[in-house]
Amino acid sequence: MRTMMIIAACLFGGMLFAQESNVEYFKKGDLVKGIFYYDNGVIQQEGTYKNGKLHGQWIAYDRDGKKNAVAYYHKGQKTGKWFFWQKDKLVEVDYNYNDIANVKTYKSENVYAIEE
41 MRTMMIIAAC LFGGMLFAQE SNVEYFKKGD LVKGIFYYDN GVIQQEGTYK NGKLHGQWIA
101 YDRDGKKNAV AYYHKGQKTG KWFFWQKDKL VEVDYNYNDI ANVKTYKSEN VYAIEE
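FYI, in this note's numbering the residues of the sequence shown are 41 to 156.
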């Protein structure tokens with residue numbers, strides 16, 4: 041399970057640069073917000089940069105626009121609680137300075153991504 045989460049986290053981080061042609065950037069104070077789109081126009085992921093590094097919350101969506109991951113960065117390092125929605129389960133990964141500290145899996149027939 042831990043290996044699967046490491047692979048998922050690497051894929052999520054790698055997807056940030058996968059579709060440079062379908063991206064918009066907006067200045068927000070000392071942050072730059074990036075919004076990446078699938079070819080069908082649906083948001084693939086969105087988040088912010090600070091001083092050229094990933095910083096703050098990043099959210100990933102599937103091709104239908106459903107939230108499938110929430111991640112946090114601090115000055116380019118993975119930090120805090122990351123969440124991955126996978127069919128009938130929710131996986132919570134705790135990061136501490138880019139290292140996986142803990143992984144929890146919640147199984148349920150009713151696991152949902154909560155909209156903000």
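Backbone N, C-alpha and C define an ideal beta-carbon position, used for all residues, glycine too.
- Rounded to whole angstroms, the Cβ separation of Q85 and Y101 is 7 Å, and the two are in contact under 8 Å.
- Rounded to whole angstroms, the Cβ separation of Y113 and L130 is 20 Å, and the two are not in contact under 8 Å.
- About 23 Å separates the beta carbon of G105 from that of V133, a gap too long to meet the 8 Å contact definition.
- Within 10 angstroms of the beta-carbon of Y135 lie 16 or more other beta-carbons, which makes it buried.
- The beta strand (DSSP E) runs lying completely inside the segment 111-144 and spanning 3 residues or more are 120-126, 129-136, given in chain order.
- A109 is positioned such that its CB atom lies no closer than 9 Å to that of K118.
- Relative to the Cα of D70, the nearest Cα in the group Y78, G92, Y77, V63 belongs to G92.
- Note: V63 is bridge-paired with F76 in the DSSP secondary-structure output.
- The three-state secondary structure of N108, taken from DSSP, is strand.
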